[in-house]
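K.L.:
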Amino acid sequence: MIYLLSLLALTLNPAVWLKYRRRKAFILTQAGRLALGLLIVFVLSYFGLVDQTWQAFLSYGSLIWGIFLVADVTYYRTRFGTISPALGVILILFFCYLHFLYPLTITRAQYHYVAERTTVVEKDDISMDEQHIPVVPEKYARYKSEKVLGELDHVSYYELGHTSLQKIDGHLYWVTPIEYTGFFKWMNSHQVPGYIRMNAENENASASLVKSKMKYVPTAYFNEDLKRHVRSSHTSQVLFRPSFEPDESGKPYYVMAYGYYQKLRQIPDIQGVFVIDPETGRIKDYKMDAIPAFIDQAIPSNIAEEWNRWYGENVHGFWNRHFAQEDVKSPTEWSQSDEVNGVFNHKLALNWFTDFTRPKSGSGAMVGYSMLDTRTGKMIYYSGANGLINGKSAMNVAEKTFKQNKYAAGIPNLYTIYGQKTWVVPLMDTNDVLREIMLIHAKNENVYSAETDKRTLFDNYKYTVATRVASDDAAPTDQALLKELSAPVTQIYRYQDTESHQTVTQFMLKGQEKIFTVSSRQNPYTVFMRAGDQVSIQYVDTDEKILSVKKIKFTGS
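Using this note's numbering, you'd call the opening residue of the sequence shown number 482 and step up by one each time.
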């Protein structure tokens, strides 16, 4: 049915047909125009995968049909011969208005579309469980994944796809689908061997291949191309960027958001997702209120970027954004990544995060930040961020701290850790190998912790927060306090930490339910500790069950 639109490429003036119908040149010209029309429809539908809606026809067809109508100017001496060219000019002008002027008139509508789904709060004081804070940067995960990819048979057939942060069975992983390197490699294979995943919470983890035959992927060709496969059975929906989503058992799926456009293809409105089995091609349709639990990302990152930009910059319309800039705030623009980062909150729900700064080049202060729920599209804007450094400033602090090593900072993420707004910044060498991890206090960049292992990193930061931020009125001191305790030891457990080559002693004290941890590096005499020994300890008190001891002294037995 869509190919009937190619008839619009013909001369539609009946008077022209009556006058020239017997001329061979005219018939050949019309046949050529029809063939060109068929080709254009084929390219737009098969390669462009454009949705078959009236808005799409206006957006693309107004220019194409206008050009064909203007071409009828050669028959202007025929009766009504000037009508078609005039109509063609009108259509071309309409196309220019639709694509260049109309978007400038709906900036307020774009802002209100996002504002209606946004809740503004001052701050979020819920601390993250440090066990579920990803410390492995995406670049390092891809570096490790490249090594796994190099071990595959016919490795020249494949390349790494887009890497994304996913929750699988209660843990965070970087997952990277394997894709084709080109047409002939696809011809020789017709399936990729699976995907690569790496634990994002453990800096010492290795990447591993998860074997799973996948036929329908984004870099396949013809009807095995993922988007073309979906478009073949769903012609009217607007299809957005797909995401790769393994379920809790590790079985891979592709998730493709779909929806429609408001305001003549200017505002994307996501209605649901198609879940595609890449092995069989089976497609399931889920509305936004019925998305399966294993899907983390229903809202694509590029849509989230648009929504954040509209919310920050379009508050008072187009002219205000460029001139007065009243109430304008600009989301961070990263040169090496998406403008939004995936952050899992304390409930392990994925959100698109970005911080906002003043619309001034080089501004290092944050005015707020947003968390956009990737499953519902609802956004929370945290306004109480005045006085906090932004993400780029956190990167600068990290890189200058290790200036002599010439480490490059990865994309930072903002978390609430021990009640404090904290930037988590990975540092890598020139080969993208992870070398250091930094926690930088977002209000006082002189309060930080930098270590090579996650356990020591958080222990030291916990101590630093308790000793250097406790007097700050902004510090919730009930979340992290330095305390002292003297009591006899009741129970002891020791083990050898193979990574740090030291003995770790865990013990309990009389009258306490907490488990205290100390290493032989801190105090070598702890390896001789026995039940009944009287000790005096200094530790940072939090709501965790296991606490790290900063100082320990034996006072008797």
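All residues carry an ideal CB built from backbone N, CA and C; glycine is no exception.
If you measure between the beta carbons of Val821 and Ser782, is that distance less than 8 Å?
P.N.:
Position 340 of the sequence shown, counting from 1, holds the residue named residue 821. Position 301 of the sequence shown, counting from 1, holds the residue named residue 782. Yes; because the gap between Cβ atoms is below 8 Å, this pair is in contact.
K.L.:
Leaving out the 5 sequence neighbours to the left and right, which residues in its chain are closer than 6 Å to Pro618 when beta-carbon positions are compared?
P.N.:
Taking the first residue of the sequence shown as 1, we reach residue 618 at position 137. Cβ neighbours of Pro618 beyond the five flanking positions: Gly891, Pro907.
K.L.:
Grouping DSSP H, G and I as helix and E and B as strand, with all else coil, what is Glu787?
P.N.:
Here residue 787 refers to the residue found at position 306 of the sequence shown. Of the three classes helix, strand and coil, the one that applies to Glu787 here is helix, per DSSP.
K.L.:
For Ile573, which residues from the same chain have a beta carbon less than 8 Å from its beta carbon, with the 5 sequence-adjacent residues on both sides left out?
P.N.:
Walking along the sequence shown from the start, residue 573 turns up at place 92. Cβ within range, chain order: Ser543, Leu544, Gly547, Ile548, Val551.
K.L.:
Using a Cβ-Cβ cut-off of 8 Å (strictly less than) and excluding sequence neighbours within five positions of Ala537, which residues of its own chain qualify?
P.N.:
For the purposes of this step, residue 537 is identified with residue 56 of the sequence shown, where counting begins at 1. For Ala537, where only same-chain residues beyond five positions count, the Cβ hits under 8 Å are Val531, Arg746.
K.L.:
With a CB to CB cut of under 7 Å and the five nearest residues on each side skipped, what residues in its chain are close to Asp913?
P.N.:
Working through the sequence shown from its first residue, we reach residue 913 at position 432. Contacts found: Lys620, Tyr621, Tyr624.
K.L.:
Take Arg712 as the anchor and find which of Ser526, Tyr654, Tyr742, Phe1009 has the nearest alpha-carbon.
P.N.:
The sequence position of residue 712 within the sequence shown is 231, counting from 1. With distances taken between Cα atoms, Arg712 lies closest to Ser526.
K.L.:
Is the number of C-beta pairs between the segment 735 to 751 and the segment 573 to 592 that are closer than 8 Å three or more?
P.N.:
Short answer: they touch.
K.L.:
Given this structure, state the Cα-to-Cα distance separating Ala951 from Lys924, to the nearest angstrom.
P.N.:
Translated into the one-based positions of the sequence shown, residue 951 becomes position 470. Translated into the one-based positions of the sequence shown, residue 924 becomes position 443. Confidence at Ala951 is low in this model, with a pLDDT of 48, below 50, so its placement is unreliable and the value that follows should be read with caution. Cα to Cα, the separation comes out at about 13 Å.
K.L.:
Please determine, among Ser608, Tyr976, Gly731, Thr492, the residue with the shortest C-alpha to C-alpha distance to Gly562.
P.N.:
Translated into positions along the sequence shown, residue 562 becomes position 81. The shortest C-alpha separation from Gly562 is found at Thr492.
K.L.:
Is Trp815 helix, strand or coil by DSSP?
P.N.:
Translated into positions along the sequence shown, residue 815 becomes position 334. Three-state result, Trp815: coil.
K.L.:
Work out the CA separation of Gln718 and Glu1025 for me, nearest whole Å.
P.N.:
In the sequence shown, the residue the question calls residue 1025 occupies position 544. In the sequence shown, the residue the question calls residue 718 occupies position 237. Taking the straight line from one Cα to the other gives about 48 Å.
K.L.:
In terms of residues, what are the limits of the alpha helix (DSSP H) holding Asn704?
P.N.:
Here residue 704 corresponds to residue number 223 of the sequence shown, with the count starting at 1. Element bounds for Asn704: n/a, residue is neither H nor E.
K.L.:
Can you check whether the C-beta of Tyr676 is within less than 8 Å of a C-beta belonging to chain D?
P.N.:
Protein chains in the displayed structure number just one, and chain D is not present.
K.L.:
One question on the structure: do Ser645 and Gln778 come within less than 8 Å of each other, judged by their Cβ atoms?
P.N.:
Residue numbering aside, residue 645 sits at position 164 when the sequence shown is read from its first letter. Residue numbering aside, residue 778 sits at position 297 when the sequence shown is read from its first letter. Yes, the Cβ-Cβ distance between Ser645 and Gln778 is below 8 Å.
K.L.:
Residues in its own chain within less than 6 Å of Asp940 by CB, not counting five upstream and five downstream?
P.N.:
For this step, residue 940 is matched to residue 459 along the sequence shown. Only Ser1029 meet the Cβ criterion.
K.L.:
Spatial neighbours of Asp953 within its chain, please: CB distance less than 8 Å, with the 5 preceding and 5 following residues excluded, ordered by chain position.
P.N.:
Here residue 953 corresponds to residue number 472 of the sequence shown, with the count starting at 1. The predicted model places Asp953 with a pLDDT of 45, which falls under 50 and marks its position as unreliable, so this point remains unresolved.
K.L.:
Rounded to whole angstroms, how far is the Cβ of Leu836 from the Cβ of Met852, which I believe are closer than 8 Å?
P.N.:
Indexing the sequence shown from 1 puts residue 836 at position 355. Indexing the sequence shown from 1 puts residue 852 at position 371. According to the sequence shown, residue 836 is Asp rather than Leu. Not really, about 11 Å apart at Cβ, beyond 8 Å.
K.L.:
Measuring only the C-alpha atoms, how far is Val928 from Ile861?
P.N.:
Numbered from its first residue, the sequence shown carries residue 928 at position 447. Numbered from its first residue, the sequence shown carries residue 861 at position 380. Taking the straight line joining both Cα atoms gives about 27 Å.
K.L.:
Under a Cβ-count criterion, where at least 16 other Cβ atoms within 10 Å of its own Cβ denotes burial, should Ala681 be classed as buried or exposed?
P.N.:
Here residue 681 corresponds to residue number 200 of the sequence shown, with the count starting at 1. Ala681 should be labelled buried.
K.L.:
In terms of residues, what are the limits of the beta strand (DSSP E) holding Asn680?
P.N.:
What you label residue 680 is simply residue 199 of the sequence shown in a count that begins at 1. Unbroken beta strand (DSSP E) run through Asn680: 673 to 680.
K.L.:
What do you reckon, are the CB atoms on Thr986 and Met1010 nearer than 8 Å?
P.N.:
Working through the sequence shown from its first residue, we reach residue 986 at position 505. Working through the sequence shown from its first residue, we reach residue 1010 at position 529. The answer is yes: Cβ separation under 8 Å.
K.L.:
Taking the CB atoms as reference points, tell me whether Val691 and Tyr702 lie closer together than 8 Å.
P.N.:
Here the question's residue 691 lines up with position 210 in the sequence shown. Here the question's residue 702 lines up with position 221 in the sequence shown. No, Cβ-Cβ distance for Val691 and Tyr702 is not below 8 Å.
K.L.:
Which same chain residues, not among the five before or five after Leu633, have their C-beta less than 7 Å away from its C-beta?
P.N.:
Position 152 of the sequence shown, counting from 1, holds the residue named residue 633. Tyr639, Pro674, listed in sequence order.
K.L.:
Along the beta strand (DSSP E) that carries His652, what are the first and last residues, could you check?
P.N.:
For the purposes of this step, residue 652 is identified with residue 171 of the sequence shown, where counting begins at 1. Note, His652: beta strand (DSSP E), 652 to 661.
K.L.:
Under 8 Å, do Tyr484 and Val522 count as touching if we go by C-beta distance?
P.N.:
What you label residue 484 is simply residue 3 of the sequence shown in a count that begins at 1. What you label residue 522 is simply residue 41 of the sequence shown in a count that begins at 1. Yes, the pair counts as a contact, with Cβ atoms nearer than the cut-off.
K.L.:
Could you give the uninterrupted runs of the alpha helix (DSSP H) lying entirely in the segment 864 to 933, keeping only those of 4 residues or more?
P.N.:
Fully enclosed alpha helix (DSSP H) runs of 4 or longer: 872 to 882.
K.L.:
Helix, strand or coil for Phe804, going by three-state DSSP, please let me know.
P.N.:
Counted from its first residue, the sequence shown places residue 804 at position 323. Three-state DSSP puts Phe804 in coil, outside helix and strand.
K.L.:
Just checking my contact of Val905 with Tyr896 at CB under 8 Å: how many whole Å lie between their CB atoms?
P.N.:
The sequence position of residue 905 within the sequence shown is 424, counting from 1. The sequence position of residue 896 within the sequence shown is 415, counting from 1. Indeed, because the Cβ distance is near 6 Å, the residues count as touching under 8 Å.
K.L.:
Per DSSP, what kind of secondary structure is Asp954 in: helix, strand or coil?
P.N.:
Residue mapping note: residue 954 aligns to position 473 of the sequence shown, counting from 1. Per-residue confidence for Asp954 stands at a pLDDT of 42, beneath the threshold of 50, marking its modelled position as unreliable; no derived number is given.
K.L.:
Could you tell me whether the Cβ atoms of Gly992 and Ala968 are closer together than 8 Å?
P.N.:
In the sequence shown, the residue the question calls residue 992 occupies position 511. In the sequence shown, the residue the question calls residue 968 occupies position 487. It is a contact, given that the beta carbons lie within the stated cut-off.
K.L.:
What do you get for Phe988, buried or exposed, if any count of 16 or more other CB atoms within 10 angstroms of its CB means buried?
P.N.:
In the sequence shown, counting from the first residue as 1, residue 988 sits at position 507. It counts as buried.
K.L.:
Pull up the CB-CB distance for Glu726 and Val736, whole angstroms please, since I reckon it's below 8 Å.
P.N.:
Here the question's residue 726 lines up with position 245 in the sequence shown. Here the question's residue 736 lines up with position 255 in the sequence shown. About 5 Å; that satisfies the 8 Å criterion.
K.L.:
Which of the three DSSP states is assigned to Ile614 in this structure?
P.N.:
The sequence position of residue 614 within the sequence shown is 133, counting from 1. It is coil, neither helix nor strand.
K.L.:
I'd like the list of long-range same chain contacts for Asp766, defined as Cβ closer than 7 Å, with 5 residues on each side in sequence excluded.
P.N.:
Taking the sequence shown and counting its residues from 1, the one referred to as residue 766 is at position 285. Here the set comprises Gly753, Phe755.
K.L.:
Can you grab the Cα-Cα spacing for the pair Gln533 / Leu486, in whole Å?
P.N.:
Against the sequence shown, residue 533 aligns to sequence position 52. Against the sequence shown, residue 486 aligns to sequence position 5. Looking at the two C-alpha atoms, the distance is approximately 11 Å.
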